[in-house]
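Down below is the structure, laid out as structure tokens.
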Amino acid sequence: MNIFIAKLSSSTTSEDLQGLFEEYGEVVSAKVITDKETGESKRFGFVEMAKDDEALKAIEELDECQYDNSTIVVSKAKPKTDSPRRDNKFGGKKRF
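Numbered by the working numbering, the letters in the sequence shown go through residues 41 to 136 in order.
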């Protein structure tokens, strides 16, 4: 199961997330999302756990808990959807 974690401390690392969620079971991957240009944390991330029951327990117990001086929000991740491009280079009306 893929888990979404928000409101992370800016100092929380992917390794920190992995360690936190390993207390609940096998972690397949853990990733704090960073800005491509600055490398700074965007203060959210994803953890993938091998077993749904362990993931659900982690979500239930960690949602709105204090971690690394921040109250984190933990939920089941929503599937990624293909969203239309926002830069309007393709399609749409041209404005002159």
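From the three backbone atoms N, C-alpha and C, an ideal C-beta is built for every residue, glycine too.
- For Gly85, which of helix, strand or coil comes out of DSSP? Residue 85 sits at position 45 when you count from the first residue of the sequence shown. Strand at Gly85.
- For Ala95, which of helix, strand or coil comes out of DSSP? Locating residue 95 in the sequence shown gives position 55, counting from the first residue. Reduced to three states, the DSSP call for Ala95 is helix.
- Task: Compute the beta-carbon to beta-carbon distance between Ala90 and Gly59, rounded to the nearest angstrom, for a pair I have assumed lies under 8 Å.
- Result: Translated into the one-based positions of the sequence shown, residue 90 becomes position 50. Translated into the one-based positions of the sequence shown, residue 59 becomes position 19. Incorrect: roughly 16 Å between the Cβ atoms, too far for contact.
- So, using beta-carbon positions, are Ser115 and Glu88 closer together than 8 Å? Indexing the sequence shown from 1 puts residue 115 at position 75. Indexing the sequence shown from 1 puts residue 88 at position 48. No, Cβ-Cβ distance for Ser115 and Glu88 is not below 8 Å.
- Start-to-end residues for the beta strand (DSSP E) that takes in Ser54: Numbered from its first residue, the sequence shown carries residue 54 at position 14. Secondary structure note for Ser54: it is in no beta strand (DSSP E), and the uninterrupted alpha helix (DSSP H) holding it is Ser54 to Glu62.
- Task: Can you give me the start and stop residues for the beta strand (DSSP E) that Thr74 sits inside?
- Result: Here residue 74 is taken as the residue at index 34 of the sequence shown, counted from 1. Taken as a continuous stretch (DSSP letters only), the beta strand (DSSP E) holding Thr74 covers Val67 to Thr74.
- Task: Output the distance between the C-alpha atoms of Asp108 and Asp75, rounded to the nearest integer angstrom.
- Result: Taking the first residue of the sequence shown as 1, we reach residue 108 at position 68. Taking the first residue of the sequence shown as 1, we reach residue 75 at position 35. Approximately 20 Å between the Cα atoms of the pair.
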